[in-house]
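J.: The opening residue of the sequence shown carries number 18 in my numbering; numbering runs sequentially from there. Each residue gets a CB set at the ideal place from its N, CA and C atoms; glycine is no exception.
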Amino acid sequence: MRLVALLLLLANVAFLGWQLLLAEPDEAPVAKPAMVGAPMLLWSEWNEQQERKGRTAGAAASPEPAKRSAPPTLGPHEIAKACFTVGPFSMVSDVSQAASLFDGKEITTQQRAAAARRRAGYWVYIPPQGSLQGAREVLRYLQSKGVEDALIIAGGSKENSISVGVFSNPDKADRRQKSIARLGYDVEVEPLYRTQPQYWLDLELWKGRAIPAEIWANMERKFPSVSAEKRSCQ
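This is the structure:
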């Protein structure tokens, strides 16, 4: 009897296990965790996303271009009411400082540089002699008369001429010319030049036809040697 009871118990257990096996699904569902924050994207995906956003934003509203304070908005054929050139300035820092005086005044400024030929002095000399020996004879005579700064030019178009001085003042050059001429020589005076940069400030006035008086008074205080000249605006 015990054997029969044991067999019946085992049979019931086996039957119960078989029923549970039939009730279990093939794949158990898995709960997906909630995503925290923005999802990670590949670089190419991010680019595509930004392009889509840009197209959407552009279709919604087109942004206005940045506005410039000067010159004001002009018609296709409109030109400034008046134009001037101010200068010359000897240093680029000076013309930059001068330009800043017109900031916010509806006046367009343009700085530019130009080479200027300036007189640097006056050269007094006796024209070239026929030979170096002749030039030496003249030099010795001048030295005997107290002309200590005379010298012979050794080359160039003035070879064998005798220099008797370089002067920054034309009156001094004239006096030297006359003093050497009294010794019996032909004497010439030749101006000397040097090239150096000059700086100018071009102005375009969009409202008035004259440089504002308060600005020009400030300009004259800072740069008393400059002047303003009216020019064509075309």
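According to the Cβ coordinates, are L220 and V103 closer than 9 Å?
T.: Going by C-beta atoms, L220 is nearer than 9 Å to V103.
J.: Decide if S242 is buried, meaning its Cβ has at least 16 other Cβ atoms within 10 Å, or exposed.
T.: Burial call: exposed.
J.: By Cβ distance, which residues of its chain are closer than 7 Å to V53, with the 5 residues on each side in sequence left out?
T.: Summary for V53: the model assigns pLDDT 36, below 50, so the residue's position carries little reliability, and this model does not support an answer.
J.: Let me make sure I understand the geometry here. Which of Q215, S185, A234 and K247 has the alpha-carbon closest to that of V301?
T.: There is no way to answer for residue 301, as the model of the chain reaches only from 18 to 251.
J.: So, for V206: in the same chain, excluding its five sequence neighbours on each side, which residues have a beta-carbon less than 6 Å away from its beta-carbon?
T.: Excluding residues within five positions, the ones whose Cβ falls inside 6 Å are Y139, V141, A190 and Q194.
J.: Return the CA-CA distance between Y216 and R134, expressed in angstroms with no decimal places.
T.: Whole-angstrom Cα-Cα distance: 13 Å.
J.: For T212, which residues from the same chain have a beta carbon less than 8 Å from its beta carbon, with the 5 sequence-adjacent residues on both sides left out?
T.: Answer for T212: A132, A133, R134 and R135, listed in chain order.
J.: Rounded to whole angstroms, how far is the Cβ of S178 from the Cβ of P145, which I believe are closer than 8 Å?
T.: With 8 Å as the limit, S178 and P145 qualify as a contact, their Cβ atoms being about 4 Å apart.
J.: Taking 9 Å as the threshold (C-beta atoms), are F119 and K247 in contact?
T.: Cβ atoms of K247 and F119: not closer than 9 Å.
J.: Pairing CB atoms from the segment 197–205 with CB atoms from the segment 225–234, are three or more of them under 8 Å?
T.: Too few Cβ pairs lie closer than 8 Å, so no.
J.: From S107 to I169, what distance separates their C-alpha atoms?
T.: If you take the alpha carbons of S107 and I169, they lie about 35 Å apart.
J.: Give me the Cα-Cα distance between T125 and A137, rounded to the nearest whole angstrom.
T.: Each residue's Cα considered, the two are about 35 Å apart.
J.: Judging by CA-CA distance, which residue of V164, E123 and R153 is the nearest neighbour of V181?
T.: The option with the nearest alpha carbon to V181 is V164.
J.: Go through its chain and collect everything with a Cβ distance to V21's Cβ below 7 Å, but skip five positions before and after it.
T.: Confidence in V21 is poor, its pLDDT being 49 and thus under 50, which makes the residue's placement unreliable; the coordinate value appears in the next sentence. So no residue of the chain qualifies.
J.: Measuring CA to CA, which of Y158, A152, L218 and K175 is closest to A130?
T.: Nearest C-alpha to A130: L218.
J.: Relative to the C-alpha of S161, which candidate in Q150, I197 and F240 has its C-alpha closest?
T.: Taking only the C-alpha atoms, the option nearest S161 is I197.
J.: So, with DSSP's three-state summary, where would you put A45?
T.: Its pLDDT being 36, under 50, A45 is placed unreliably by the model, and the measurement read from it follows with that caveat. Note: A45 maps to coil in three-state DSSP.
J.: Would you mind reading off the limits of the alpha helix (DSSP H) that contains S232?
T.: Looking at the sequence provided, one finds Ile at residue 232 rather than Ser. Looking at the DSSP string, the run of the alpha helix (DSSP H) that includes I232 is A230 to K239.
J.: By the three-class DSSP mapping on this structure, what secondary structure does D111 have?
T.: DSSP places D111 in helix when its eight states are reduced to three.
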